[in-house]
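Structure first, then comments.
Protein chains in written order, with this note's numbering: chain V, 153 to 439; chain G, 2 to 272.
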């Protein structure tokens, strides 16, 4: 019956060690995640000599500038395409019956949990010359479709992989929109599409903005999809990093490129988190 | 759809657009299934004849069999390690003051938001120095870091949904803290722990970017072997491997949702 006569000291000690369970996880994360990242950061300043020469090179070297701009461009396009496709889909989820909503959710989640490699390989089969899409276009007399290795193939593949990240933020924003406002607007004489454009669209803007930026920032770091569906002529930043580190073992310059990617990602996600907190704390809570 | 009926019209255009989106999400992936049963060595579609030769090759060739064994072993080890670490961390998180738990939670989930390529080269750089490239230890540690967020999220949610009266009732009946934990809390949060373990396994089983860097020719996981076969060898066995992986993960995710629905219905009936 020691529990009943628990001393003040015992309680204080328990208070102090409430977080003790997290220690093993934190230790593993420190050793296998934080320490390697810090080591990478250090190498970007120190190999072969101490200084900022690699960072200067990132922003002056023609190749890396071209690749950074191309990465930004591809990510912007992927984000626009993905949000355009995700918006109607998330909207249908909000008005569907519960069982249809489950089906729609599963359709987004199954690809999310299906091996990225298997899905990218499937696009590879579809896009190859003499592949099914190529034959389909020929039989429709549209000329062949030979897009394996092009930016279009990369965009289509990336947008499919990244869809869930756009659908769920949009869905959670839309769920919070009071649909009776639409009926009110129509009751006051607004036509359906006017009511939608003037009432619903502005109310769903926080979801559009957060899903756009989320997709944009995730696209900046994509590696496997552009590597298999694209080509070395249109390499993205992640592929350039992989070449520098994996093929050339240039840990100084490759690490500097990676640090730049992390900073850009962090700034955008930080701004997004801050804006979301100020704008619609409720939305983030529900995600 | 009650809402659309209220507006007097079915959303026809919307449904068509969403059907196209749904097809684009699901159908392209399924093309690997017929291709995997092809009799020819090219990925032609529709196949010019059928055979099981790629499946035979998948399970008989040393390279592919090794990759499958590596993937399952690493995945199971990661599921165990990440779930134990994640469950302990989740218990700590719900006990801590909110300010600290927010910070700690953010730290533990950080691997999710870092670009995969950055995590990959950072770990690769460290592993090269430590001699962990192409080892079980290396893969299990790296995948544990990436999988850890999933059990933390599911178990934290499970613990927050737990009715504190159960533990209080057990305490009132004289259970020690340890017995309370093992006989009351653990059975109640077991579903969240198991789904955390499933997601941890799948994270490891599908992981490719870090795997590409920390692999060597003697130690590859299944996705890494698939990548190598697309980019350098174009070995058509990959179609069979992709089919197996797709079927497994679809079964896992559908099964997971099905058990949740059944459990919810059971709970509603008071079962």
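Yeah, the Cβ is synthetic: ideal placement off N, Cα and C, and Gly gets one too.
- At a Cβ-Cβ threshold of 9 Å, residue 91 (chain G) and residue 178 (chain G) do not count as neighbours.
- Per DSSP, residue 38 (chain G) lies in no alpha helix (DSSP H) and is assigned neither H nor E.
- Counting only residues of its own chain and dropping the five nearest sequence neighbours on each side, residue 32 (chain G) has a CB closer than 8 Å to the CB of 46.
- Minimum Cα-Cα distance from residue 221 (chain V) among the listed residues V:173, V:389, V:187 corresponds to V:389.
- C-alpha of residue 263 (chain V) to C-alpha of residue 201 (chain G): approximately 17 Å in a straight line.
- Within the stretch 152-210 of chain G, complete alpha helix (DSSP H) segments of at least 4 residues are found at 165-173, 178-181, 187-207, given in chain order.
- Here the alpha carbon of residue 74 (chain G) sits roughly 10 Å from the alpha carbon of residue 205 (chain G).
- Look at residue 399 (chain V) here: in three-state DSSP terms it is helix.
- Pairing residue 270 (chain V) with residue 154 (chain G), the inter-Cα distance amounts to about 26 Å.
- With respect to chain V, the C-beta atom of residue 214 (chain G) has a partner C-beta closer than 9 Å.
- At a Cβ-Cβ threshold of 9 Å, residue 160 (chain G) and residue 171 (chain V) do not count as neighbours.
- Taking one beta carbon from each stretch, the stretch 56-71 of chain G and the stretch 238-258 of chain G have 3 or more pairs nearer than 8 Å; the two touch.
- At the C-beta level, residue 227 (chain V) and residue 371 (chain V) come within 9 Å of one another.
- Here the C-alpha atom of residue 52 (chain G) lies approximately 18 Å from the C-alpha atom of residue 277 (chain V).
- Around residue 177 (chain V), the beta-carbon contacts reaching into chain G at under 8 Å are 86, 87, 89, 90, 109, 149, 153.
- At the C-beta level, residue 210 (chain G) and residue 117 (chain G) come within 9 Å of one another.
- Taking 8 Å as the cut-off between beta carbons, the residues of the stretch 252-267 of chain V near chain G are 252, 254, 256, 258, 259, 260, 261, 262, 263, 265, 266, 267, in sequence order.
- In the three-state scheme derived from DSSP, where H, G and I count as helix and E and B as strand, residue 236 (chain G) is classed as coil.
- Residues of the stretch 296-328 of chain V with a Cβ closer than 8 Å to any Cβ of chain G, in chain order: 312, 315.
- Looking at the backbone, the Cα of residue 387 (chain V) and that of residue 250 (chain V) are separated by about 43 Å.
- At a cut-off of 9 Å between C-beta atoms, residue 163 (chain G) does not count as an interface residue with respect to chain V.
- At a cut-off of 9 Å between beta carbons, residue 289 (chain V) makes no contact with chain G.
- Contact annotation for residue 51 (chain G) against chain V: no contact, minimum CB-CB distance about 17 Å [criterion: below 8 Å].
- When secondary structure is reduced to three states using DSSP, residue 213 (chain V) falls in the coil class, being assigned neither helix nor strand.
- For residue 258 (chain G), the chain V residues whose C-beta falls within less than 9 Å of its own C-beta are 254, 257, 258, 261, listed in chain order.
- The three-state secondary structure of residue 374 (chain V), taken from DSSP, is coil.
- Against residue 96 (chain G), the close residues of chain V are 170, in the order they occur along the chain (beta-carbon pairs closer than 7 Å).
- Under a 10 Å Cβ-count criterion, residue 165 (chain G) is classified as exposed, with fewer than 16 other Cβ atoms of the shown protein chains found around its own Cβ.
- Within the model, the alpha-carbon separation for residue 93 (chain G) versus residue 173 (chain V) is close to 5 Å.
- Only residues of its own chain outside the window of five on either side were considered, and among them 253, 256, 323 have a CB closer than 6 Å to the CB of residue 245 (chain V), listed in chain order.
- Chain order gives the chain V residues near residue 255 (chain G) as 258, 262, where near means a beta carbon separation below 8 Å.
- For the stretch 365-380 of chain V, the beta-carbon criterion of a distance under 9 Å to any beta-carbon of chain G is satisfied by 369, 370, 372, 373, 374, 375, 376, 379, 380.
- At a beta-carbon threshold of 7 Å, the residues of chain G lying near residue 271 (chain V) are 30, ordered along the chain.
- Under the three-state reduction of DSSP, residue 217 (chain G) is assigned to strand.
- Take residue 187 (chain V), set aside five residues on each side of it, and no residue of its chain has a beta-carbon closer than 6 Å to its own.
- Relative to residue 27 (chain G), the option among V:200, V:216, V:274 whose CA is nearest is V:274.
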